[in-house]
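K.L.:
This is the structure I want to talk about, given as C-alpha cells.
There are 2 protein chains.
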Amino acid sequence: MNDIFKALNDATRREILELLKEKDLSAGEIADAFNISKPSISHHLDILKRADLITSEKNGQFIIYSINTTIMEDVLQWILTFKK
Amino acid sequence: MNDIFKALNDATRREILELLKEKDLSAGEIADAFNISKPSISHHLDILKRADLITSEKNGQFIIYSINTTIMEDVLQWILTFKK
DNA sequence: TATATATTTAGACAAATATCTAAATACTTT
DNA sequence: AAAGTATTTAGATATTTGTCTAAATATATA
C-alpha cells in the first residue's frame, strides 16, 4: 500500500498511467510525452513497476509498458472503507 | 489532486484518517496514538487539513479534528477512470 | 493573576526524492 | 563487425519531507 501511494504521489507518474490507460507504449514513446530526460522517465517507470501499477515486456530493442489496473483495486478498496 | 495524494503518501497520516474514521478526536488524543512528538503530529494534521481530508473545530482549549470523506470521492473518481 | 494544559509555530537536520549528464547494456541493421 | 537506436544504471545535486526540541499562543483553573 505504501508503494502504491508513493508511486501515485507524483504528477508525472500519474500522467504516465493516464497515457498507458489508452494504450501500451514503449519507454521512448512515454518519454517523448514529457519534457523530462529519458533516464528520469525510466526511473519513474521503475517506481510504477515496483508498485505493480505497470508491467513491462521486452519486444526486440523496445520495452513495452502496460498498465496493471488490478492493483488499482487495492486503492479502491482502501478508499471505500471511508465511505459511510 | 496533488495535495490529496501528497497527504495520503504517508503511513502516519493514513493511520490518522483511520482513527478519525471511527470518531472525532482532539490533536492530543491523536498524538497519543503515535510514538511521534506532538509538533510532528500537528504538522501531519496541517497537511491533511490543507488537502481538505480533515476539518478542525476549536472547542475550548482543545481542537477537535474530523474526517472529511467527501474529498475521498475525488480520489475514488480518479481511480475509477482506470477500471475498464 | 499566576500556573497548568493544549496546540501550533519556528528553526534545525537527516533522509528521501526528482532531476540531470555520462556511461553501460542490449538489440538491430548495414 | 561496426554503427546506430532504445533503454537502463550510476553518480551527482538541489529540493522536499518527516522528525525533533524550544518557544510561542491560547484557554482553563486555582
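Going line by line, the protein sequences match chains A and B.
Everything in the first sequence is counted per my numbering, starting at 1 for the first residue and increasing by one.
Everything in the second sequence is counted per my numbering, starting at 101 for the first residue and increasing by one.
The beta carbon of each residue, even a glycine, is placed where N, CA and C say it ideally should be.
All of these numbers come straight from a predicted model, not from anything done at the bench.
(1) Would you mind telling me which residues of chain A sit closer than 7 Å to Leu119(B), beta carbon to beta carbon, in chain order?
(2) Where are the beta strand (DSSP E) runs, 3 residues long or more, that stay fully inside the stretch 52 to 76 of chain A, in chain order?
(3) Is the CB of Ile136(B) under 8 Å away from at least one CB in chain A?
(4) Would you mind giving the Cβ-Cβ distance between Ile67(A) and Lys21(A), rounded to the nearest angstrom? I have them listed as a contact below 8 Å.
(5) Would you list, in chain order, the members of the stretch 39 to 70 of chain A that have their beta-carbon closer than 8 Å to a beta-carbon of chain B?
(6) Out of Met172(B), Lys158(B) and Asp110(B), which has the shortest C-alpha to C-alpha gap to Ser126(B)?
(7) Classify Ser26(A) as helix, strand or coil using the three-state DSSP reduction.
(8) Can you tell which of Thr81(A), Trp78(A), Lys83(A) and Ile71(A) has the C-alpha that lies nearest to the C-alpha of Lys85(A)?
(9) How about Ile79(A): is its C-beta nearer than 8 Å to some C-beta of chain B?
P.N.:
So, from the data block:
(1) Indexing the second sequence from 1 puts residue 119(B) at position 19. Going along chain A, no residue has its Cβ under 7 Å from Leu119(B), so there is no contact; the nearest lies around 12 Å.
(2) The qualifying runs are 54 to 59 and 62 to 67.
(3) One-based indexing of the second sequence puts residue 136(B) at position 36. Not closer than 8 Å to any Cβ of chain A, the Cβ of Ile136(B) fails to qualify, so no.
(4) In the first sequence, residue 67(A) corresponds to position 67, counting from 1. In the first sequence, residue 21(A) corresponds to position 21, counting from 1. A Cβ-Cβ distance of about 6 Å is found for the pair Ile67(A) and Lys21(A), placing them in contact under the 8 Å criterion.
(5) Ile67 and Thr69
(6) Within the second sequence, the letter at position 26 stands for residue 126(B). Looking at the Cα atoms, Lys158(B) is the closest of the given residues.
(7) Here the question's residue 26(A) lines up with position 26 in the first sequence. Three-state DSSP puts Ser26(A) in a strand.
(8) In the structure as shown, chain A begins at 1 and stops at 84. Residue 85(A) is therefore absent and cannot be evaluated.
(9) Within the first sequence, the letter at position 79 stands for residue 79(A). Yes - at least one Cβ of chain B is within 8 Å of the one on Ile79(A).
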